[in-house]
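Participant: Mapping of the sequence shown onto this note's numbering: position 282 corresponds to residue 282, and the numbering continues sequentially without gaps.
Note that CB positions come from ideal geometry on N, CA and C, so glycine has one too.
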Amino acid sequence: MSKILIRGAKVLGGEPQDVLIDGETIAAIGTGLSGEEGGPGADGDTPATVIDAEGRMVLLPGLVDLHTHLREPGREDSETVLTGTRAAAVGGYTAVHAMANTFPVADTAGVVEQVWRLGKESGYCDVQPVGAVTVGLEGKQLAELGAMADSAAQVRVFSDDGKCVDDAVIMRRALEYVKAFDGVVAQHAQEPRLTEGAQMNEGTVSGELGLTGWPAVAEESIIARDILLAAHVGSRVHICHLSTAGSVELVRWAKSKGWDVTAEVTPHHLLLTDELVRTYNPVYKVNPPLRTEADVLALREALADGTIDCVATDHAPHPHEDKDCEWAAAAMGMVGLETALSVVQHTMVDTGLLDWAGVADRMSARPAVIGRLAGHGRPLAAGEPANLVLLDPAYRGVVNPAGFASRSRNTPYEGRELPGRVFATFLRGQATVMDGKLT
Ligand SMILES: [Zn+2]
1 MSKILIRGAK VLGGEPQDVL IDGETIAAIG TGLSGEEGGP GADGDTPATV IDAEGRMVLL
61 PGLVDLHTHL REPGREDSET VLTGTRAAAV GGYTAVHAMA NTFPVADTAG VVEQVWRLGK
121 ESGYCDVQPV GAVTVGLEGK QLAELGAMAD SAAQVRVFSD DGKCVDDAVI MRRALEYVKA
181 FDGVVAQHAQ EPRLTEGAQM NEGTVSGELG LTGWPAVAEE SIIARDILLA AHVGSRVHIC
241 HLSTAGSVEL VRWAKSKGWD VTAEVTPHHL LLTDELVRTY NPVYKVNPPL RTEADVLALR
301 EALADGTIDC VATDHAPHPH EDKDCEWAAA AMGMVGLETA LSVVQHTMVD TGLLDWAGVA
361 DRMSARPAVI GRLAGHGRPL AAGEPANLVL LDPAYRGVVN PAGFASRSRN TPYEGRELPG
421 RVFATFLRGQ ATVMDGKLT
């Protein structure tokens, strides 16, 4: 591994500086660096490779996703650990948490270690497996949380995502159990009885279209319960994909109490509304559903003020045949890794709600802390691991899923112009993406 000198990068969006990478770490940040700093590089006297950021590209810590569906093992027709981590690298990510709803379910040390090893072999992005809360995601019996925590994968995030841990006693036990190893339960908040047969957000549009509605209270009632349970047992809970203004109020209240509650929002819930369901295009079918404009604005505000801790993609790849059908039969979910940063730039940065340092916090530092992931989400400083993303915020392009690195194409942004492009991604000093292309 040689030295890499990035010239004229706006570090966290600030004034242009030079950044020298030596081996796996950031060696120096300053102006007028020559690449000779610190003596010969890790591989001897080879001169540093120079990347010109032209005084306009922005350098951030590599992004961290708390919520990715990599689908392997079991649904390799939609994604594999390799294709999913390639998509992550293209999107500027250096670490992703792989959700447990695979086949078999990641509810044992054996399965989480398998996913963890596949991540190591991919080389594009660190993969941190999420363990299931209950055996088979069935909500009846706690999975082997301790064994997964002690495994080589060192699982710290547990989730039945896709399904809600709706039994209050099971949820309480899980919250108590994870305290032993500083873990967290990430809840997919969806009261099952209130959402039976639900097809979209419950509101004006669902009434007009005659589709079964998915009320906001189905999400909010579970969040309210879990906040209280976490406070009661002194544990920490993380709320997946917050989608309503009411959910924001609940998390804001919990934080005001000093309780250890964190929350994420997806890029699509920051941009899209249930008006899109009028098209009956199943690409807009997602769980939780797209909500109203008022919800979108409340979510943006909450991400800006820190009530919502982070952006998580809920990258949910599906093969063509599961999405290209009538609305009622279509699978729920959207791919998101390759467009997340552009959607956040569009909704949060270009609107003035968040600066680039804020993006680094919400898309890298905070998710790394919530997941207890060492080596990611670190400050940009000499001596820190060189997990980095260099992006061009001035770029404008139209989303074309044919060019995706993901195996699936179910993006809601096809044909839409979005700002920004990942120019380069570095995983421990190795470029995984250069000039927008996988290396
Ligand atoms: Zn979910």
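1) Should Asp314 be counted as a contact of ligand 1 given a C-beta to heavy atom distance under 7 Å?
2) Output the residue ranges of the beta strand (DSSP E) runs that lie fully inside the stretch 39-85 and measure 3 residues or longer, sorted by chain position.
3) Say the cut is 7 Å; is the CB of Asp161 nearer than that to a heavy atom of ligand 1?
4) If we count Cβ pairs, one from each stretch, closer than 8 Å, do we get three or more for the stretch 1-12 versus the stretch 50-59?
5) Tell me, please, whether the CB atom of Glu417 is closer than 8 Å to any CB atom in chain C?
6) Can you give the Cα-Cα distance for Phe103 and Gly74, rounded to whole angstroms?
7) Which of the three DSSP states is assigned to Lys285 in this structure?
8) Beta carbon of Asn281: closer than 7 Å to some heavy atom of ligand 1?
9) Report the CB separation of Pro319 from Ser78 in whole angstroms; it is logged as a contact under 8 Å.
10) How about Val135 and Ala143: do their beta carbons lie closer than 8 Å?
11) On a Cα-Cα basis, can you pick out the residue from Leu353, Leu250, Glu196 and His346 that is closest to Ala328?
12) Which residue comes first and which comes last in the alpha helix (DSSP H) that contains Glu293?
13) Please go through the same chain and pick out, in chain order, the residues whose beta-carbon is closer than 6 Å to the beta-carbon of Lys179, but skip the five residues on each side of it.
14) Determine the extent of the alpha helix (DSSP H) in which Ala168 is found, giving its start and end residues.
15) Looking at C-beta atoms only, is the number of pairs between the stretch 279-293 and the stretch 33-43 that lie closer than 8 Å three or more?
16) Using CA coordinates, which residue listed in Val115, Glu220 and Ala394 is at the minimum distance from Val349?
17) Hey, how far is the Cα of Ala379 from the Cα of Ala357?
18) For His315, name the three-state secondary structure that DSSP assigns.
19) For a test of the three-state rule: what should DSSP assign to Phe103, helix, strand or coil?
20) Identify whether Val265 lies in helix, strand or coil by the three-state DSSP scheme.
21) Could you pull the start and end residues of the alpha helix (DSSP H) that Pro129 belongs to?
22) In terms of residue numbering, what span does the alpha helix (DSSP H) encompassing Pro393 cover?
23) Tell me whether Asp182 is buried or exposed, calling it buried when 16 or more other Cβ atoms sit within 10 Å of its Cβ.
24) Rounded to a whole number of angstroms, what is the C-alpha to C-alpha distance between Gly14 and Glu202?
25) Enumerate, from N- to C-terminal direction, the unbroken alpha helix (DSSP H) stretches of 4 or more residues contained entirely within the stretch 215-251.
26) Apart from the five residues just before and just after Thr273, which ones in its own chain have a Cβ nearer than 7 Å to its Cβ?
27) CA-CA distance, Gly377 and Ala224?
28) Starting from the C-beta of Phe404, find all residues in its chain whose C-beta is less than 6 Å away, skip the five residues before and the five after it, and write them out in chain order.
29) Below 7 Å CB to CB, which residues in the same chain sit around Arg372 once its five sequence neighbours on both sides are set aside?
30) Who are the Cβ neighbours of Val369 in its own chain at under 8 Å, not counting the five residues just before and after it?
31) What does the alpha-carbon distance come out to for the pair Glu326 and Pro282?
32) Which same chain residues end up closer than 8 Å to Glu414 when comparing Cβ atoms and leaving out the 5 residues on each side of it in sequence?
33) Reducing DSSP to helix, strand and coil, say where Ile29 ends up.
34) Is it the case that the Cβ atoms of Gly429 and Glu24 are separated by a distance below 8 Å?
35) Taking the alpha helix (DSSP H) that Pro16 belongs to, which residues open and close that run?
36) I believe His67 touches Asp314 by the beta-carbon criterion, under 8 Å. Please report the beta-carbon distance rounded to the nearest angstrom.
Facilitator: Once the coordinates are examined:
1) Along the sequence shown, one-based indexing puts residue 314 at 314. The answer is yes for Asp314.
2) Whole beta strand (DSSP E) segments, 3+ residues: 49-52, 58-61 and 63-68.
3) Residue mapping note: residue 161 aligns to position 161 of the sequence shown, counting from 1. Yes, Cβ of Asp161 sits closer than 7 Å to a heavy atom of ligand 1.
4) Yes: at least three Cβ pairs fall under 8 Å.
5) The structure shown contains no chain C, having only a single protein chain.
6) Residue numbering aside, residue 103 sits at position 103 when the sequence shown is read from its first letter. Residue numbering aside, residue 74 sits at position 74 when the sequence shown is read from its first letter. For Phe103 and Gly74, the distance between alpha carbons rounds to 4 Å.
7) As a first step, residue 285 is located in the sequence shown; it is residue number 285 there, counting from the start. Shown here, Lys285 sits in coil according to DSSP, grouped into three states, outside any helix or strand.
8) Residue numbering aside, residue 281 sits at position 281 when the sequence shown is read from its first letter. Not so, every heavy atom of ligand 1 lies at least 7 Å from the Cβ.
9) Numbered from its first residue, the sequence shown carries residue 319 at position 319. Numbered from its first residue, the sequence shown carries residue 78 at position 78. Rounded, the Cβ-Cβ distance is 5 Å, consistent with contact.
10) Working through the sequence shown from its first residue, we reach residue 135 at position 135. Working through the sequence shown from its first residue, we reach residue 143 at position 143. In contact: Val135 and Ala143 (Cβ atoms closer than 8 Å).
11) Here residue 328 corresponds to residue number 328 of the sequence shown, with the count starting at 1. Comparing C-alpha distances from Ala328 to each of Leu353, Leu250, Glu196 and His346 shows the shortest one belongs to Glu196.
12) For the purposes of this step, residue 293 is taken as residue 293 along the sequence shown, with counting starting at 1. Looking at the DSSP string, the run of the alpha helix (DSSP H) that includes Glu293 is Glu293 to Asp305.
13) Taking the sequence shown and counting its residues from 1, one reaches residue 179 at position 179. Ser235, listed in sequence order.
14) For the purposes of this step, residue 168 is taken as residue 168 along the sequence shown, with counting starting at 1. Counting along the chain, Ala168 sits inside the alpha helix (DSSP H) bounded by residues Ala168 to Val178.
15) No: the two stretches stay apart, fewer than three of their Cβ pairs being nearer than 8 Å.
16) On the sequence shown, position 349 is the one that residue 349 refers to. Among Val115, Glu220 and Ala394, the Cα nearest to that of Val349 belongs to Ala394.
17) In the sequence shown, counting from the first residue as 1, residue 379 sits at position 379. In the sequence shown, counting from the first residue as 1, residue 357 sits at position 357. One point to set straight first is that residue 379 is Pro, not Ala, in the sequence displayed. Between the alpha carbons of Pro379 and Ala357 lies a distance of about 10 Å.
18) As a first step, residue 315 must be located in the sequence shown, where it is residue number 315. The three-state secondary structure of His315, taken from DSSP, is strand.
19) Within the sequence shown, residue 103 is the residue found at index 103, counting from 1. In the three-state DSSP reduction, Phe103 falls in the coil class, being neither helix nor strand.
20) Position 265 of the sequence shown, counted from the start, is the residue given in the question as residue 265. Note: Val265 maps to strand in three-state DSSP.
21) In the sequence shown, the residue the question calls residue 129 occupies position 129. Careful: Pro129 lies outside any alpha helix (DSSP H), inside the beta strand (DSSP E) at Asp126 to Pro129.
22) On the sequence shown, position 393 is the one that residue 393 refers to. For Pro393, there is no enclosing alpha helix (DSSP H); the enclosing beta strand (DSSP E) has its first and last residue at Leu388 to Val398.
23) Counted from its first residue, the sequence shown places residue 182 at position 182. Residue environment: Asp182 is assigned as exposed (fewer than 16 neighbouring CB atoms within 10 Å of its CB, all protein chains considered).
24) Position 14 of the sequence shown, counted from the first residue, corresponds to residue 14. Position 202 of the sequence shown, counted from the first residue, corresponds to residue 202. In this structure, the alpha-carbon of Gly14 lies about 43 Å from that of Glu202.
25) Correct list: 216-233.
26) What you label residue 273 is simply residue 273 of the sequence shown in a count that begins at 1. Within the same chain, Thr273 has close Cβ partners Leu290, Arg291, Thr292, Glu293 and Val296.
27) Counting from 1 along the sequence shown, the entry for residue 377 is found at position 377. Counting from 1 along the sequence shown, the entry for residue 224 is found at position 224. Distance between the alpha carbons of Gly377 and Ala224 is about 29 Å.
28) What you label residue 404 is simply residue 404 of the sequence shown in a count that begins at 1. Here the set comprises Glu338.
29) Along the sequence shown, one-based indexing puts residue 372 at 372. Counting only Cβ-Cβ distances below 7 Å, and skipping sequence neighbours, we find Arg156 and Asp182.
30) What you label residue 369 is simply residue 369 of the sequence shown in a count that begins at 1. When the five nearest sequence neighbours on each side are left out, the beta carbons in the same chain lying within less than 8 Å of the beta carbon of Val369 are those of Gly377, in order along the chain.
31) On the sequence shown, position 326 is the one that residue 326 refers to. On the sequence shown, position 282 is the one that residue 282 refers to. Whole-angstrom Cα-Cα distance: 7 Å.
32) Position 414 of the sequence shown, counted from the first residue, corresponds to residue 414. Closer than 8 Å at the Cβ level, and outside the excluded window around Glu414, lie Val283, Val399, Asn400 and Pro401.
33) In the sequence shown, residue 29 corresponds to position 29, counting from 1. Strand.
34) Position 429 of the sequence shown, counted from the first residue, corresponds to residue 429. Position 24 of the sequence shown, counted from the first residue, corresponds to residue 24. At the C-beta level, Gly429 and Glu24 come within 8 Å of one another.
35) Translated into the one-based positions of the sequence shown, residue 16 becomes position 16. Note, Pro16: premise wrong, no alpha helix (DSSP H); beta strand (DSSP E) at Pro16 to Asp22.
36) Within the sequence shown, residue 67 is the residue found at index 67, counting from 1. Within the sequence shown, residue 314 is the residue found at index 314, counting from 1. Contact between His67 and Asp314 holds, since their C-beta atoms are separated by about 5 Å, short of 8 Å.
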